[in-house]
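**Q** Have a look at this one before I ask anything.
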Amino acid sequence: MRTFPSLLLVASFGLVHAPLAHADDTLRAQVVDLLSAYEEPATAAQLRALGADVGAELLAVAQDTTLSHTRRAGAVFALGYFPTDAHRGWLSALATTEGGDSLLRRKAVYALAAGWGDAALLDLGRALAAPDTQLRAATARALGRIGSPAAQDTLRARLAAEADPMVRSTLSSALGVTK
Amino acid sequence: MSGALDRLASGLFALALVGAPLLGLAACDGEKLDPEDGLEREDLGSFTTDTGGGADIPFEPAAGAVSALVHCGPYGYDILATAETITGPGDSAIYDMEDPTGTAMRVGIMSDLLPVLLPVSPDLDLAAGAHSMRMYFDAEEGVTVSCSAVYRTQPVEANPTVDIRVVFVGVNDVAPGLNAAEAETTLASVLDEVNTMWSGGNLEIGAVTYEDFDGDVATYTVVDGDEELGSLLRTVSSTNDRSITFFFVQEITDDAGGTILGLAGGPPGTAAVGGTSKSGVVVTAASFASDPSEVARIMAHEGGHFLGLFHSTEKDGSESDPLSDTPECSNDADGNGTLASNECEGTGAENLMWWNTKDGATMSADQGWVVSRSAAVR
């Protein structure tokens, strides 16, 4: 099995843990089942229907390195539906830790945007300046979805400095600017 | 009418793939492009929607035809369309959008281009003679589309095969070994698993080719939204390509940023017709290192969609396929609105076209019958 070097770095910040003990294996199975859909990511309503503990379970899934990468990504993204302080702190660290797993970081920026909006602009601004072009593009889209004046200002500032054509195109789209 | 469309759109049928201009249809009316390949292609003409938001598309399979793939487009990314009704010779009813499960036919709801495969069940024969498909668009009148048909004029051989073409779009960075030079080794076990899942339908992978994407890798390695998806699928060659093209990308996302494991043009895809927004399959390969079997399941499932299969049962139980040997599950034991895999053990979750990537899934005999009607299968 491939070891993601980026995860080792993230682990040093205490973000990744061994699989947690599960008081409710049924809930874990339900959550993973929803995160395993081929074409439709799990919705907030579907996850909330699983009960009050689903947010904590999503965090556990997101941290469980024994699960497939896409399941964990789905869990990271879905944390945006459950905007607690604990989730925000974890997502913030994930999104802004350089060298971290690119897919999970992209999901973290979407979750931060969806769950906290303008309150996440500091983290999103840092992600928007990251070396990873796909992360910058994802962050641009996430900011575009927030759509607030402050988010637009962040996008415009980055567009002025951005050199990568793909990211520039994404920034322009997020701003609603004709490419 | 729009209510029915909305209802359908809430289910799987809203795969809503998109695209851009239909390219590469070189056939003129009724002209056989390649008489040896068992297919006959027909340019059905251009049609403009009337005041009812629809257009009537006539097509006429000849005697001996075993299937018809009718496809109409392009109509852009902002419009959804489906078939309102399909009738056969003598105005016999084949499909009704208001009561799809009352027929043995299914039709998707698609943006940009609508492909329809007839039949999609052994309970429905393709009769020779005049057919008509009434398309319905969620748009004002005046939408003009070009329509074509591909008729399969010969049944498949005893052991049907489908050639596949795997195109790697910048995935080697996150999944070492997923490149054209190494794929024969690194993907061997994945393709074996696909064959195992397809074996219940007596379908097997034929020739396999591997390529590294020669286009804009930076844009397409993370496919964000319908427009990029359609644009990527349109890069499939417009020559008489009867393989399934699987694009391996780092990730597909929906408009909100959620990860999608795989998407196929269709169902069905425009098999044997390149250059459309429904001309292939896109696979999220992010889990190749941690769970290569997931990639196999995505290929097998989305390949099934491309070849004409619908979900055996939708996640919310609202829709099911028309096949008699794929159980329909309705056991929402906990009442949460989702048919979970453990609620449908033995009653559908073991099928390849179950809505999620459950282990051990297989294709049924009826599903094998359907895919053997696809123009991609030999």
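So the sequences go chain by chain: A and B. Heads up, the first sequence is in this note's numbering, so the first residue is 698 and it goes up one at a time. Heads up, the second sequence is in this note's numbering, so the first residue is 29 and it goes up one at a time. Cβ atoms here follow ideal geometry from the backbone N, Cα and C, with glycine treated the same way.
(1) Rounded to the nearest angstrom, what separates His-766 (chain A) and Gly-814 (chain A) at their Cα positions?
(2) Chain A beta carbons: is any one of them nearer than 8 Å to that of Val-197 (chain B)?
(3) Kindly indicate the opening and closing residues of the alpha helix (DSSP H) around Ala-790 (chain A).
(4) Over the uninterrupted alpha helix (DSSP H) stretch that includes His-159 (chain B), give me the two end residues.
(5) Where His-99 (chain B) and Leu-367 (chain B) are concerned, what is the direct C-alpha to C-alpha distance, given to the nearest angstrom?
(6) DSSP three-state label for Ser-348 (chain B), please.
(7) Using a Cβ-Cβ cut-off of 8 Å, state whether His-766 (chain A) counts as contacting chain B.
(8) Give, in chain order, every residue of the stretch 359-383 of chain B whose Cβ lies closer than 7 Å to some Cβ of chain A.
(9) Between Met-698 (chain A) and Ser-870 (chain A), what straight-line distance do the alpha-carbon atoms span, to the nearest angstrom?
(10) Identify whether Thr-75 (chain B) lies in helix, strand or coil by the three-state DSSP scheme.
(11) Once you ignore the five residues that flank Pro-63 (chain B) on each side, which residues in its own chain have a CB closer than 6 Å to its CB?
(12) Taking a contact to mean a Cβ-Cβ separation below 8 Å, would you say Gly-777 (chain A) touches Ala-808 (chain A) in this structure?
(13) Are the C-beta atoms of Leu-289 (chain B) and some chain A residue less than 8 Å apart?
(14) Note down the Cα distance separating Phe-196 (chain B) from Pro-738 (chain A), rounded to an integer number of angstroms.
(15) Residue range of the beta strand (DSSP E) that Tyr-103 (chain B) falls in?
(16) Please confirm if the stretch 372-388 of chain B is in contact with the stretch 200-215 of chain B, defined as three or more CB-CB distances below 8 Å between the two stretches.
(17) Just mark Gln-760 (chain A) as buried or exposed, buried being the case when its beta carbon has 16 or more other beta carbons within 10 Å.
(18) Helix or strand or just coil, what does DSSP make of Glu-371 (chain B)?
(19) Give me the chain B residues within the contact set of Leu-747 (chain A), using Cβ-Cβ distance strictly less than 8 Å, ordered along the chain.
(20) Beta carbon of Ser-352 (chain B), beta carbon of Asp-151 (chain B): below 8 Å?
(21) Using beta-carbon positions only, say whether Ile-272 (chain B) and Ala-404 (chain B) come within less than 8 Å of one another.
(22) Just confirm the distance between the C-beta atoms of Gln-278 (chain B) and Thr-249 (chain B), as a whole number of angstroms; I'd bet it's less than 8 Å.
(23) Name the two residues that bound the continuous alpha helix (DSSP H) containing Gly-841 (chain A).
(24) Alpha carbon to alpha carbon, how far is Val-251 (chain B) from Leu-421 (chain B)? Give it in angstroms, no decimals.
(25) In chain order, what residues of the stretch 288-317 of chain B put their CB closer than 8 Å to some CB of chain A?
(26) Kindly provide the ranges of any alpha helix (DSSP H) runs that are 4 or more residues long and lie completely inside the stretch 180-264 of chain B, ordered along the chain.
(27) Taking 8 Å as the cut-off, decide whether the C-beta atoms of Gly-229 (chain B) and Ser-392 (chain B) are in contact.
(28) Compare the Cα-Cα distances from Thr-867 (chain A) to each of A:Leu-825, A:Ala-847, A:Pro-846, A:Gly-797 and report the closest residue.
(29) Do the CB positions of Val-171 (chain B) and Thr-76 (chain B) come within less than 8 Å of each other?
(30) Taking Cβ positions only, does Glu-795 (chain A) come closer than 8 Å to chain B?
(31) Suppose you measure from the CA of Arg-855 (chain A) to the CA of Leu-840 (chain A); what does that come to, to the nearest Å?
(32) Quick one: does Glu-953 (chain A) have its CB under 8 Å from some CB of chain B?
(33) Closer than 7 Å by C-beta to Leu-801 (chain A): which residues in its own chain qualify, once you throw out the five before and the five after it? Chain order, please.
(34) Run through the DSSP bridge pairs and tell me what Pro-115 (chain B) is partnered with.
(35) Determine whether the Cβ of Ile-107 (chain B) lies closer than 8 Å to any Cβ atom of chain A.
**A** On the basis of the data shown:
(1) 26 Å
(2) no
(3) 782-793
(4) Run containing His-159 (chain B): none in the alpha helix (DSSP H); it sits in the beta strand (DSSP E), 159-165.
(5) 32 Å
(6) strand
(7) yes
(8) Asn-364, Gly-365, Thr-366, Ala-368, Ser-369, Asn-370, Trp-383
(9) Note that Met-698 (chain A) scores 32 on pLDDT, short of 50, meaning its location in the model is unreliable and no value can be drawn from it.
(10) Correcting the residue type first, residue 75 (chain B) is Phe in the shown sequence and not Thr. It is a strand residue.
(11) Here Pro-63 (chain B) scores only 49 on pLDDT, less than 50, and its place in the model should not be relied on; the value that follows carries that caveat. Nothing meets the Cβ criterion.
(12) yes
(13) yes
(14) 23 Å
(15) Note, Tyr-103 (chain B): premise wrong, no beta strand (DSSP E); not H, not E.
(16) no
(17) buried
(18) helix
(19) Asn-364
(20) yes
(21) yes
(22) 5 Å
(23) 830-843
(24) Since the first residue shown for chain B is 29 and the last is 406, residue 421 (chain B) is missing from the structure and cannot be characterised.
(25) Ile-288, Leu-289, Gly-290, Leu-291, Thr-312, Ala-314, Ser-315, Ala-317
(26) 211-214, 216-226, 245-248, 253-261
(27) yes
(28) A:Leu-825
(29) yes
(30) no
(31) 11 Å
(32) Since the first residue of chain A shown is 698 and the last is 876, residue 953 (chain A) is not available in this structure.
(33) Arg-769, Ala-770, Val-773, Leu-791
(34) Reading off the sequence shown, one finds Thr at residue 115 (chain B), where the question assumed Pro. In the DSSP output, where bridge partners are listed per residue, Thr-115 (chain B) has B:Ala-121, B:Ser-160.
(35) no
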